[in-house]
Structures are given as C-alpha cells and as structure tokens.
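Before any comments, here is the structure.
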Amino acid sequence: MNNPRTVVVTGGAGVIGSHLVDHILKMGYSVIVIDNLSSGNLKNLAENKNLHFIQADVCDKETKNIYVKFQPFIIFHLAAHYANELSIKEPEIDLETNTKGTLVQLEIARQLGIKRFVYASSSCIYAPTSEALKENDLAMPHTPYGISKLAGEYYCNFYSKIYGLPITIIRYFNAYGPREDFNQYRGVVPRFIEKAIHGLPIIITGNGEETRDFTFVNDSVEGTVLAALMEEGKNQVFNIGTGKAVTILQLAETIKKVSKSSSPIEYLSRRGWDETISRNANIEKAQQMIGYDPQYDLEQGLEETVFWYQKSKYK
C-alpha cells in the first residue's frame, strides 16, 4: 500500500531537486532521495529525520527495491544528464540516463501502482519561435538533451494512456538559484555570476538580444508541487516559468548590479548548435488550472542567488 506521506525525488541532490526536497520536507512529508551523485551534491541536502538518501542510478531496475521498502505515493523524477552542450559531446550518456532511466522508473511506477509520476521535462523540447510558448506548441528539439527529454514525455504519455498511470509533465524554463556549480556546462546564470564576483569579463555568446525566461528555483519548485498534488494536474503538461522575457544582456547587467561588479561585458559568436534566439513561456495554463503564481522577479532571484555564491565556497 502506498504511503500518502512519503515521496521519492530522483535527482534530489541536484539544484532543483534539493530545493524541491526542502519544500516537501517543510510540508511534513517523508522524502526518499535517489541520486547517483554524478552531478548532484550531498551538501545540497540538509539533515532531517524524514529524509533518506540512497545512492543509486535510475537506470538500475533494482531501484524497485527502494520503492517496495518505502512505499511512496508520488515519484518526482528529476534525475537527468544535464545541459544542452554536454549532451552534444555525450549523446549516448544522455540517451541512457534521460530516456532509459525514465522508462525504468515509469515501469517501476506502473508495477507498484504509484499514484502520480511527475516528470521533469524542459523548455528545450520546443521548436524555435519568437512567440511565448504554449504547451501545445510544436515540439522540435535541436540537441540530444531536448530530444531525450521529449522522448521521456512520450513514454510518460504512453504509460498514462495504456496503463492508466497518472502522470504530470513539467517543462522548466531556465531555472536558476543557489547550489548550482560553476562549470562550462552549467547554465548561463552561474557562469555570469562567477565572472562577476571575480571581476572577470562576462562573455555573451551572441549579440545579447537573445531572450530567455529565467525562473528562480523557488518558483520552479512551487509550480512542481502544485501540479503534483492537485487533481487538476493529473495527466497534464505545464510550462513553469515567469512569463517574462529577459535578454541575455539584461541578465548580465542585472548580475553586475546586484553583485556590485565592474566586470566588462564582451561578446563571442553564437555557438553553432544553438539555434534558439527566443525561448519564453506562456504560463496561463498553470495559472488557471493549478493557481501557479511566480513570486520572484529577476532582480529578487538574482539577489538571493548572488548572496549564496558570495557566502559559499564559490566566492
């Protein structure tokens, strides 16, 4: 029998995952984190009597034993091989983790009668467009990461239609916040912050007018939980962003402002694989169906993020 106060978070030692774990623990649930620590970090997880960490790979069918032991009622499946650029260099690893790993976890969920399977997808599945993206817009990913995430969505829909497994798909738009490492494959926010706090040039690839929907991780988590726990979220896809387009130049200038940095801003040619000029969310569906209401504007989110980096080992 599923325990209605226990959930699993795969990839729970990662950035979004660990913030999701914090949020769910505060709600009074017990949380089982499954993470192989290939990119996650145990330091992201606070000690809590209701938190159980298990180092394991989501591609391993033996993870079923974890579910049998703890009997969760929801699986939040966030474990993934991250980053568009890294997926181009390691497409097979991307396929293995993001697609096979999702299929393995879906099959376990089916066998055990999990009450909701929440799948972390990405805005990278969409075709390039200058319009704010709606959930029913054309999917045409152009990197192995986007392809593998879209394949995961298709498997979720298959398990929902054929086996009746209740699923929820979350398409995150450029989530950022504390706990994200500085490295070349991470998002633009930590890379810009690293340069800013060290007074080094902030490098923009492109002309700076490219736009994204930068979403503070607390808002990403709130949208995820609402979609997972509300009946209205069952068998639905939601964009979780802010609904506000921000240019890359605006991002760089705001990071300079909140970090009090004198870093110069420099430009390089856009990367050959990056076709996306604009990728911004229409969040009306999430607002209307689950009451999603993002609370952080760009400056507020960056202030919290920069403060964390300045106080952490990354200083």
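Each step along the sequence shown adds one to the number in my numbering, with nothing skipped, and position 29 is 1224.
Even for Gly, the Cβ is constructed at its ideal location relative to N, Cα and C.
Here the structure is a predicted model, which is why all the values come from computation and not from measurement.
CA-CA distance, residue i and residue j?
{"i": "L1328", "j": "D1408", "result": "10 Å"}
{"i": "H1335", "j": "T1437", "result": "Residue identity check: residue 1335 is Met in the sequence provided, not His. Approximately 22 Å, taken between the alpha carbons."}
{"i": "Y1371", "j": "P1385", "result": "8 Å"}
{"i": "I1309", "j": "G1347", "result": "17 Å"}
{"i": "G1235", "j": "H1276", "result": "11 Å"}
{"i": "T1406", "j": "I1270", "result": "32 Å"}
{"i": "I1303", "j": "K1256", "result": "8 Å"}
{"i": "E1404", "j": "A1440", "result": "11 Å"}
{"i": "L1215", "j": "I1460", "result": "33 Å"}
{"i": "H1272", "j": "I1211", "result": "11 Å"}
{"i": "T1442", "j": "G1486", "result": "27 Å"}
{"i": "L1307", "j": "L1360", "result": "10 Å"}
{"i": "E1389", "j": "G1382", "result": "11 Å"}
{"i": "E1163", "j": "T1294", "result": "Since the first residue of the chain shown is 1196 and the last is 1510, residue 1163 is not available in this structure."}
{"i": "S1355", "j": "N1430", "result": "7 Å"}
{"i": "I1342", "j": "I1320", "result": "7 Å"}
{"i": "N1260", "j": "P1396", "result": "49 Å"}
{"i": "S1374", "j": "N1239", "result": "The displayed chain sequence assigns Arg, not Ser, to residue 1374. Distance between the alpha carbons of R1374 and N1239 is about 7 Å."}
{"i": "S1507", "j": "A1241", "result": "15 Å"}
Report the CB separation of residue i from residue j in whole angstroms; it is logged as a contact under 8 Å.
{"i": "H1433", "j": "A1422", "result": "First, the amino acid is wrong: residue 1433 is Phe here, not His. Their Cβ separation, rounded to whole angstroms, is 5 Å, which keeps F1433 and A1422 in contact under 8 Å."}
{"i": "A1208", "j": "V1226", "result": "A1208 to V1226, Cβ: 12 Å. No contact."}
{"i": "I1362", "j": "C1351", "result": "4 Å"}
{"i": "S1473", "j": "T1338", "result": "16 Å between Cβ atoms; not a contact."}
{"i": "L1446", "j": "F1387", "result": "7 Å"}
{"i": "F1248", "j": "T1201", "result": "At roughly 14 Å, the Cβ-Cβ gap does not stay under 8 Å, so F1248 and T1201 are not in contact."}
{"i": "I1392", "j": "Q1490", "result": "Actually they do not touch by this definition, with Cβ atoms about 25 Å apart."}
{"i": "A1481", "j": "G1418", "result": "6 Å"}
Let's see if you can read the secondary structure: which residues bound the alpha helix (DSSP H) around residue i?
{"i": "Y1262", "result": "K1259 to F1265"}
{"i": "I1211", "result": "V1210 to K1221"}
{"i": "D1289", "result": "P1286 to D1289"}
{"i": "V1412", "result": "V1412 to L1424"}
{"i": "I1443", "result": "I1443 to S1454"}
{"i": "I1303", "result": "G1296 to L1307"}
Would DSSP call residue i helix, strand or coil?
{"i": "N1198", "result": "strand"}
{"i": "Q1431", "result": "strand"}
{"i": "H1393", "result": "coil"}
{"i": "F1387", "result": "helix"}
{"i": "I1472", "result": "coil"}
{"i": "V1501", "result": "helix"}
{"i": "I1399", "result": "strand"}
{"i": "Y1349", "result": "helix"}
{"i": "S1225", "result": "strand"}
{"i": "L1273", "result": "coil"}
{"i": "Y1371", "result": "strand"}
{"i": "L1328", "result": "strand"}
{"i": "T1406", "result": "strand"}
{"i": "Y1491", "result": "coil"}
Grab the span of the beta strand (DSSP E) containing residue i for me, first residue to last.
{"i": "S1316", "result": "R1311 to S1317"}
{"i": "T1363", "result": "I1362 to Y1367"}
{"i": "F1248", "result": "L1246 to Q1250"}
{"i": "I1460", "result": "I1460 to L1463"}
{"i": "I1485", "result": "Unbroken run through I1485 is the alpha helix (DSSP H), E1479 to I1485; no beta strand (DSSP E)."}
{"i": "S1457", "result": "From DSSP, S1457 is part of no beta strand (DSSP E); its letter is neither H nor E."}
Measuring only from the beta carbon, is residue i closer than 7 Å to any heavy atom that is part of the ligand NAP?
{"i": "Y1314", "result": "Inclusion of the ligand NAP in the displayed structure is not the case, the ligand content being empty and no account of it being possible."}
Three CB pairs or more closer than 8 Å across the stretch 1491 to 1501 and the stretch 1446 to 1455: Yes, they touch.
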